[in-house]
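S.K.: Chains as they are written, first to last, in the working numbering: chain Z, 1 to 290; chain U, 1001 to 1505; chain B, 2001 to 2337; chain V, 3001 to 3337. Ideal placement from N, C-alpha and C gives every residue a C-beta, glycine not left out. On a predicted model such as this, the values are computed, not experimentally measured, just so you know.
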Amino acid sequence: SSDTGTSNQGSEGGNYKVYLITMDQMDQHWVTVDGGAKKAAEELGNVDYTWLAPDVKDDAKQIESINNAIAGGADAILLAANGPTAVTSALREAEAEGVKIVYVDSPADFPAVQTLATDNEAAGKIAGIEMLEALKGKSVTSGKIGIVNVNASTASTVAREKGFRSAFEGTVFEILETQYGDGDAARSKDIAANYITEGVVGIFGGNEGSTVGTGNAIKEAGGEVIGVGFDKSDTILQLIKEGHLLATMSQNPDVMGYEGVKTAVKVLEGNTIDKDYVDTGVSVIKKDSL
Amino acid sequence: MDNYIVELENVCKKFPGVKALDHVSFKLKSGEVLALLGENGAGKSTLMKILSGVYTRDQGIMKIFGEAIDDMNPVKAQELGIAIIHQELNMCDHLTVAQNIFLGREVTKKGVLSEKEMNDEGGKILKGLNMNIDPETIVGDLSVSKQQMVEIAKALSTKAKILIMDEPTSALTSKEIGDLFTIIKRLKNEGHGIVYISHRLEELQYIVDRVMILRDGQYITSMDYKDTSLREIISYMVGREITEKFPRIDKNVKEKILEVKNLNAGKMVRDINFSLYEGEIVGIAGLMGAGRTETTRALFGANPMESGEIIIDGVEVKINKPIDAIKSGIVLVPEDRKKDGLCTKLSIRDNIALPNLDIIANKLGIVNRKKEEEMTTSSVENLDIRLANTEIDADSLSGGNQQKVVVGKWLVRNSRVVIFDEPTRGIDVASKVEIYNLMNELKSQGIGVLFVSSEMPEILGISDRILVMADGRITKELDIKEATQDIILEYATKFDRKIKEGMEA
Amino acid sequence: MENKKIPSKLRRLFSKRGMGQVVTVTIGLLVLIIVFGILNPNFFSNRNISNLLRQIAPIILIGIGQSYVLITGNIDLSIGSVVGMSCMISATLMTKGMNPWLAVGVTYISALAIGLLNGQLISKAKLPAFIATLGTMTIARGIAQIVNNNYNTDSIGPGAEGFRNFFYYGKTFGLYNTIWIALALWMVFNFLLSRTRTGRHIYAVGSNIHAAHLSGVSISSTITKAYLVSSVCSATVGLVMTAISGMGTMDAGTTYELYAVAASVIGGVSTLGGQGILLGTIIGASIWGVLQNGLQFAGAPVAIRNIVIGIIVIISVLLDIVVRANKNKAKKVKVKA
Amino acid sequence: MENKKIPSKLRRLFSKRGMGQVVTVTIGLLVLIIVFGILNPNFFSNRNISNLLRQIAPIILIGIGQSYVLITGNIDLSIGSVVGMSCMISATLMTKGMNPWLAVGVTYISALAIGLLNGQLISKAKLPAFIATLGTMTIARGIAQIVNNNYNTDSIGPGAEGFRNFFYYGKTFGLYNTIWIALALWMVFNFLLSRTRTGRHIYAVGSNIHAAHLSGVSISSTITKAYLVSSVCSATVGLVMTAISGMGTMDAGTTYELYAVAASVIGGVSTLGGQGILLGTIIGASIWGVLQNGLQFAGAPVAIRNIVIGIIVIISVLLDIVVRANKNKAKKVKVKA
Ligand SMILES: Nc1ncnc2c1ncn2[C@@H]1O[C@H](COP(=O)(O)OP(=O)(O)OP(=O)(O)O)[C@@H](O)[C@H]1O
Ligand SMILES: Nc1ncnc2c1ncn2[C@@H]1O[C@H](COP(=O)(O)OP(=O)(O)OP(=O)(O)O)[C@@H](O)[C@H]1O
Ligand SMILES: [Mg+2]
Ligand SMILES: [Mg+2]
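1) Please decide whether residue 1265 (chain U) counts as near chain B, where near means a Cβ-Cβ distance under 8 Å.
2) Quick check: the Cα distance between residue 141 (chain Z) and residue 3112 (chain V), rounded to an integer number of angstroms?
3) If the criterion is Cβ atoms closer than 8 Å, does the pair residue 2308 (chain B) and residue 2284 (chain B) meet it?
4) Determine which residues of the region 2269-2291 of chain B have a Cβ less than 8 Å from any Cβ of chain V, and write them out in chain order.
5) For a cutoff of 8 Å on Cβ pairs, would you count residue 2234 (chain B) as touching chain Z?
6) Can you tell me the Cα-Cα spacing of residue 3224 (chain V) and residue 3323 (chain V), whole angstroms?
7) Rounded to the nearest angstrom, what separates residue 3089 (chain V) and residue 29 (chain Z) at their Cα positions?
8) So within the region 2118-2157 of chain B, which uninterrupted alpha helix (DSSP H) runs reach at least 4 residues, ignoring any that extend past its ends?
9) List, in chain order, every chain B residue whose beta-carbon is nearer than 8 Å to that of residue 3145 (chain V).
10) Quick check on residue 1057 (chain U): does DSSP put it in helix, strand or coil?
11) Starting from residue 117 (chain Z), follow the beta strand (DSSP E) in both directions and report where the run begins and ends.
12) Check whether chain U comes within 8 Å of residue 3051 (chain V), counting only Cβ atoms and requiring the distance to be less than that.
13) On a Cα-Cα basis, can you pick out the residue from V:3163, V:3209, V:3294 and V:3203 that is closest to residue 3093 (chain V)?
14) Once DSSP output is grouped into helix, strand and coil, what is the label at residue 3087 (chain V)?
15) Which chain U residues sit within Cβ distance under 7 Å of residue 2216 (chain B)?
16) Could you check if residue 1079 (chain U) is buried or exposed, using at least 16 other CB atoms within 10 Å of its CB as the buried criterion?
17) Note down, in chain order, all residues in the region 3193-3206 of chain V with a beta-carbon under 7 Å from any beta-carbon belonging to chain U.
18) Taking only the alpha-carbon atoms, compute the straight-line gap between residue 1359 (chain U) and residue 1323 (chain U) and give it to the nearest angstrom.
19) Assuming residue 1257 (chain U) contacts residue 1465 (chain U) under a Cβ cut-off of 8 Å, what Cβ separation, rounded to an integer in Å, is found between them?
20) Around the Cβ of residue 2188 (chain B), are there at least 16 other Cβ atoms within 10 angstroms (buried) or fewer (exposed)?
21) Residue 207 (chain Z) CB to nearest chain V CB: under 8 Å?
22) Compile a chain-ordered list of the residues in the region 2311-2325 of chain B whose CB is closer than 7 Å to at least one CB of chain V.
23) Hey, how far is the Cα of residue 2306 (chain B) from the Cα of residue 3138 (chain V)?
24) Please determine whether the Cβ atom of residue 1044 (chain U) lies at a distance below 7 Å from any heavy atom of ligand 3.
25) Specify the secondary structure class of residue 1262 (chain U) as computed by DSSP and reduced to three states.
26) Please check if any C-beta of chain V sits within less than 8 Å of the C-beta of residue 2209 (chain B).
27) Check the Cβ-Cβ distances between residue 11 (chain Z) and every residue of chain V, and say whether any is below 8 Å.
28) Listed in chain order, which residues of the region 63-76 of chain Z have Cβ atoms closer than 8 Å to some Cβ of chain B?
29) Return the residues of the region 3139-3165 of chain V that lie within a Cβ-Cβ distance of less than 9 Å from chain B, sorted by chain order.
30) Measure from the alpha carbon of residue 278 (chain Z) to the alpha carbon of each residue in Z:287, Z:290 and Z:255, then state which is nearest.
31) Any contact of the region 1048-1060 of chain U with the region 1003-1016 of chain U, i.e. 3+ C-beta pairs under 8 Å?
32) Does chain B have any CB closer than 8 Å to the CB of residue 3132 (chain V)?
33) At a CB-CB cut-off below 9 Å, which residues of chain U make contact with residue 2212 (chain B)?
34) Mind checking whether residue 1110 (chain U) and residue 2218 (chain B) have CB atoms under 8 Å apart?
35) Give the residues from the region 3166-3191 of chain V that approach chain Z closer than 9 Å (Cβ to any Cβ), ordered along the chain.
36) Only counting the same chain, and skipping five residues up and downstream in sequence, which positions put a Cβ closer than 6 Å to that of residue 267 (chain Z)?
Structure, rendered in structure tokens:
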């Protein structure tokens, strides 16, 4: 079944062609965006909706996907930009073809109809503040803190890290060199375990895989270390429930997809869009909020 | 007539473009040594590979010890008591001597290898062959002739009743050949049946009972050795009389072309001094491992030279790489054509053009295809290389024709010195004569020919002058008039004496 | 003998090892194109064709480089990292204000340094190619990361618009420049490989390194030249990447070396050396590109795409083996008749 | 001859090709350990040592598999994907409620199917190993993705705690189970390689496939066995991955095949076949692991780590070549004297 790939609704004629282009096809996060978009398309009934995704996170490949969408006759593109700069020229080409652009999750440096996103930097800062408060609660006022991130080239996770670091400005906590685990849960676990050996008091995970790795390392070490992370998955929720992770920053990817398609169709139908930025919000999920 | 241990009837085998065997029948008795003879590409190896299960026949009947065998494979052949020493070396370089001998038939106890038993047993077999080799030596560290002896030991160790030897002596020293013959006689007396393939017809008199001759994949005849003569055998092999085995033309020596002074390159090339004149053939004789190949390689720049002078036409030349040698007019026809001579995956045209691209390409390096075509065609015609067209792969040619391509690629350029290293190894009589004629042709053109060979008769038959090497040195220079087998052998073994002297001292 | 009538040029072309494979996969490519055309009416649109060609161009480029190296009997695992390194070096220099064309020059020089290192490690120090280029693969990726201090670069800015148009966004005679660049390099390197001494030496080294040595071929310079060609191709793709994104991305080109092997091998280049032609590489790259593009349009999830591509790589080489075996059989029959 | 006094067992051990390299890199490993120990007092802490060993264990495992295949003269590029596939299959089955140990069984069977396919494609259909396993690499990754419908799995749940402890979190005699698993498999496969007929045949096939065939060694079953060993090792690592994360991740194991090559080669296994011992693979894996761990502690950015590791791969093989050349020189001198 190709239900993760594409779904075509409605009759042939007069349908709007809307493409969702994500960073890759791997994370549950994107699958949820797709789910929201699909739902909106079904409700609207006049949308040919397709999810195009590169096989890996890669600027050039994302641009290829954009070009493919244009070539495929897109009326609108919902885009989660891998990096803000990289895709701008491709988007300029899209705009020239009259394609409407809506950003979901991560915007690019190019004007669009609307951006539905989490402010990653702000969300990162919230994560930092959560950790700081938990540490204060245990009367820990100094120590080392580790960061497990995906890589240095994905803008959204880099922004989260930046926000996280900014929460510690003015404190005496020492934030260690960021280590990258490519979002691989096992590699991230090794990195987090090494941090724990090094005697850190807290670890921040930048995405789903990093957070799972962090949680598992803390679980094993016995829970002294405060772990906060990003994204909502079953495993992460489990780790929070068991008390190994303090919190995870959950975005609302389904909202992004759902509202994104609605916005696109609205503008295609000739309506005006009043808000160019919609903060889809971030919810802090903790044990007591489960 | 019931004691045939092998009976093959009407065996056929086709390869792409070649009918290697065409209704060939073959019989072997126990207690006899049968020489299987024929020109290159006659189908000898193919027939034996069918018998030993390496190839499957297209057609024909096979009976071993009277029992019909439908499909044969190497394992089954071994079980039936057939052992074969292949024409090419088949050793695992990384394994030890004993590990190679017992490969595929390892001795185990409860599934665990019994190394000690295999080493002991291997040691015994080697001793039986009069070989002083530690069974735990890594085979890759042995010389080629020792590896060949290990190969023989391996075949003997299977205690097979049917033993096939495909050119076993082409890489052996004369002492080793002697040891091998002793063993062959013993095995024969013990009732083994032995098939012996060789292009060195002089060997036959020592061991052979019967000969069988193939030509172009067809059975020609078979007879008892005592009822025939070499002359007759050769005419059956070739299909015509070969009048002169070693055609000789008069030499017409003029200028000195090449002078080598105090050449040193590794332990096998020490203080080499000699000269070569226009229009002469100088043979380099010696035992296996005397350093002849290394001398030619050093001269050609294929191995690094430590010291010495090489003077061509009175001018010293620096040779660091083969290209330097080629540019100064020295070319080498290497001894191992498959390994060093031919790019087997490329066409005949590519192979002939390869060292001559300086001639057929312009200053920018662009190849002139017309010149290339002409060069290839003339080379093929001059040497009478038999092929469908020049675009076929080199490895589809028979051994003799491959050798001609290796020679041919050098003859299209105006070289001053042509070095042949064992040009007739593994080549049939008729082709050998063609190669001798080729050398004579060069000689008459005023080219200097250096000619390395392990076969005494041809060294004596073709050379105008002979250099004898032992232990990396030239131990004697002989004019052809004063040269005999005994003298050459005396100087070729000088190195054994040196060891003795060393040990006594 | 019956071949005598066939003109020698054609005979030469068709007797080239790998030519059979080229014919087979060209048919395969046509079938793929027809299937995708039926599945998706947009496939033959002008826009998709030129878009598709532009996507295939970088694969052709890295395919050329890998083919050169494979024909010498070696392999270049550093291709993807050199793409990334070139992308980062060019972009970093441009963001620092260097003239884009000067930056292009520096990029080619740095890439050539990696090619030189590969060639020397393999031909002089006798390292197996797999190891040497596995090492330089890691090193070049490290350089890509370190050159802008472990970050992707900022935008290379409006001053580099000319550069970006030259390498990617511009069109000449109705075709995107990237396509012209790939074609131009293909023509140069195809000529070099098929018509010059260097080309002959590359085949000879891959076919039998000893025989080539004894024929006066300089092994080290031949192998090194092949790696330099590979570096030039990779650097060009790296520059295309910079032009595409208008910035430097550290992990640009990841796993491209494997795409390059796939394109070469599908097109009939043997990983064992001595065999293949660059025409095949174009076809191989096209199959790869058409599959990626067509399957994405057909809405196939990445998983299916992976499985299909894996199967096609295996089948295309299997085909080659089967076709060759049949050709031999056919020959036999002829001889018999 | 002067060697006669050394007991034959020792002599045999040291005459093994590749042993020299093992000695050299063992010294290298000790140096690394001392350097990192000085740089960071935590390095020798109990916790770090047992942690480090556990991080090395999976690399040892994939290293064993790759070594087996390399010794036969082939390569296995599918290792990383089989790790990912095994991780996803086991986790998916567990989330669907299958008994964890049954899921483990199914996982091994699926991985063995890939190994069998590799072995058959290479030994029967005569595909070059690089191509065949490039194909199965893509296919296995596709399966990893498709098995749970392109999602990473949910948590394998508390019912799988026993499984997770067995493969990763539990300790036996003070050492983590992962380490014991790696050691146990190492002992079994080392025994198989060095003391049984199969092992001997693996070396023979890698050393000279033709000679092995003529000696009655079954090429296809030998090569297939090597790939099956590799699959068992990869599947085990995949299960460890599932145990670590408590979920299935589709891209688990990416590029592990190259780590495995690096560990093998650093430890003296030749990519040309016929040569190497599994003791070397342990040392090679340890160097790799110590570097990753030590450089993190030293706060080195990833870029530096990549460069250091690339250089070490190249140098360790260079060393082997230089040491062997010198040994030969020494031999020559002996003969001369
Ligand atoms: N594997 C093969 N593939 C194709 N052709 C082959 C093969 N083996 C042998 N031939 C061809 O079959 C014919 C017989 O070859 P064979 O090796 O049996 O000759 P031979 O009598 O042993 O010659 P030589 O004295 O040179 O060893 C030759 O034309 C050869 O080119
Ligand atoms: N590449 C090599 N590495 C190590 N030893 C070698 C190498 N090549 C040759 N040898 C050794 O050097 C010695 C000289 O061998 P070479 O074959 O050059 O002598 P030769 O007189 O030409 O003998 P042949 O009659 O076999 O041609 C032999 O002992 C051989 O084992
Ligand atoms: Mg023969
Ligand atoms: Mg010789």
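M.R.: Walking through what the data contain:
1) no
2) 53 Å
3) It is not a contact, given that the beta carbons lie outside the stated cut-off.
4) 2270, 2271 and 2272
5) no
6) 33 Å
7) 21 Å
8) Fully contained in the region 2118-2157 of chain B are the following alpha helix (DSSP H) runs of length 4 or more, in chain order: 2129-2146.
9) 2301, 2302, 2303 and 2306
10) coil
11) 114-117
12) no
13) When each option's Cα is compared against that of residue 3093 (chain V), the closest is V:3163.
14) Helix at residue 3087 (chain V).
15) 1322, 1323, 1326 and 1355
16) exposed
17) Hits within the stretch, in order: 3195, 3196, 3197, 3200, 3203 and 3204.
18) 13 Å
19) A Cβ-Cβ distance of about 13 Å is found for the pair residue 1257 (chain U) and residue 1465 (chain U), leaving them out of contact under the 8 Å criterion.
20) exposed
21) For residue 207 (chain Z), no CB of chain V lies under 8 Å from its own CB, so it is not counted at the interface with that chain.
22) Within the region 2311-2325 of chain B, those residues whose Cβ lies closer than 7 Å to any Cβ of chain V are, in chain order, 2311, 2313, 2314, 2317, 2318 and 2321.
23) 5 Å
24) In this structure, residue 1044 (chain U) has its beta carbon less than 7 Å from a heavy atom of ligand 3.
25) strand
26) So no, residue 2209 (chain B) is outside the interface.
27) Model confidence at residue 11 (chain Z) stands at a pLDDT of 36, short of 50, so the residue's coordinates are unreliable; what they give is reported in the following sentence. Cβ-Cβ to chain V under 8 Å: no for residue 11 (chain Z).
28) 63, 64, 65, 67, 68, 70, 71, 72 and 73
29) 3139, 3140, 3141, 3142, 3143, 3144, 3145, 3146, 3147, 3149 and 3150
30) Z:255 is the residue among Z:287, Z:290 and Z:255 whose C-alpha sits nearest the C-alpha of residue 278 (chain Z).
31) Verdict: yes, contact present.
32) Closer than 8 Å: yes.
33) Simply 1343 and 1354.
34) Not in contact: residue 1110 (chain U) and residue 2218 (chain B) (Cβ atoms no closer than 8 Å).
35) So the list reads 3168 and 3169, given in the order they occur along the chain.
36) If we look at residue 267 (chain Z) and ignore the five residues flanking it on each side, its Cβ neighbours are 100, 113 and 273.
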